[in-house]
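In terms of this note's numbering, the sequence shown is residues 1 to 261. Cβ atoms here follow ideal geometry from the backbone N, Cα and C, with glycine treated the same way. Input: a single structure, listed below in structure tokens.
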Amino acid sequence: MLKAIFFDLDDTLLWDQKSINEAFKATCEYAKKKYDVDVEQLEEAVRQSAQELYSSYETYEFTKMIGINPFEGLWGNFADEGVEFKKMKEIVPTYRKEAWINGLKRCGIEDATFGAELGELFPQERQKRPFLYEETMEILEGLKGKYRLLLLTNGSPELQNTKLAITSELVPYFDEIIISGAFGKGKPDVSIFEHALERMKVSSDEAIMVGDNLMTDILGASRAGMKSVWINRHNKPRNEVVPTFEIKHLGELFPILDELK
1 MLKAIFFDLD DTLLWDQKSI NEAFKATCEY AKKKYDVDVE QLEEAVRQSA
51 QELYSSYETY EFTKMIGINP FEGLWGNFAD EGVEFKKMKE IVPTYRKEAW
101 INGLKRCGIE DATFGAELGE LFPQERQKRP FLYEETMEIL EGLKGKYRLL
151 LLTNGSPELQ NTKLAITSEL VPYFDEIIIS GAFGKGKPDV SIFEHALERM
201 KVSSDEAIMV GDNLMTDILG ASRAGMKSVW INRHNKPRNE VVPTFEIKHL
251 GELFPILDEL K
């Protein structure tokens, strides 16, 4: 019998991709006022620069393991416990500046001072733009009291807690919140799923994982012997990882839960 539902956070309940896109747009629009640069061209240039820089740092393998992407690095502070987070905290101020300075250069603009200013503006713009999917609250309300709910998210504890602070209406619905950076390993590592099952005092066949990422949420659940629901809002093609169920909208969860009763 199903007793617990584990939810991923980013791009499952929280529309993180939209928040990042809108923050990029706002920052690039600001740059356009000074240099009349093409907004989309600058965004693409900064994204490329950020990815190149991010993968060049010694912390890269750690960030992959914990599940922190390059664009989170552009606005997170990483004031977290542990040696690797301390390294990230030291790297990040330079990373932010360089990503924007290099992005401007790719658009033919040499202005390090302005690049540094954009690097500081982007985190402010991201903080101002928290988005939930329109169905998120309705779904959580519909599940409250019927199942125990756990939030299982990859990332830096400080950054994920910042996201939860600016969407604080989510937090009361969850019995437990587990963040990979605090645990020490990220999804799809089986140990974080086993830890979550222990915390919820349920067996693998009494819980189901709901997430948008086949290679973290669904693969990890599968390794832990759990059922899974892949939320595939954008018709992404499947790969070798097979979810138990696939949905396009969180509202489709209810018929699945009824079926599993």
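Excluding the 5 residues flanking it on each side, L164 has same chain C-beta neighbours closer than 7 Å at L170 and V171, in chain order.
With contacts defined by Cβ atoms closer than 9 Å, E138 and G211 do not form a contacting pair. Within the DSSP bridge table, the entry for I178 names L152 as partners. Exposure of A112 is indicated by the presence of fewer than 16 other C-beta atoms within 10 angstroms of its C-beta. Fully contained in the segment 204-236 are the following alpha helix (DSSP H) runs of length 4 or more, in chain order: 219-223. For F7, the enclosing beta strand (DSSP E) has its first and last residue at A4 to F7. In the three-state reduction of the DSSP assignment, D11 falls in the coil class. Separation of A26 and M226 (C-alpha to C-alpha, rounded to the nearest whole angstrom) is 41 Å. Following the DSSP letters along the chain, one finds F245 in no alpha helix (DSSP H) but inside the beta strand (DSSP E) bounded by residues F245 to I247. Going by C-alpha positions, K87 is about 17 Å away from A50. Here the alpha carbons of D175 and K89 stand approximately 30 Å from one another.
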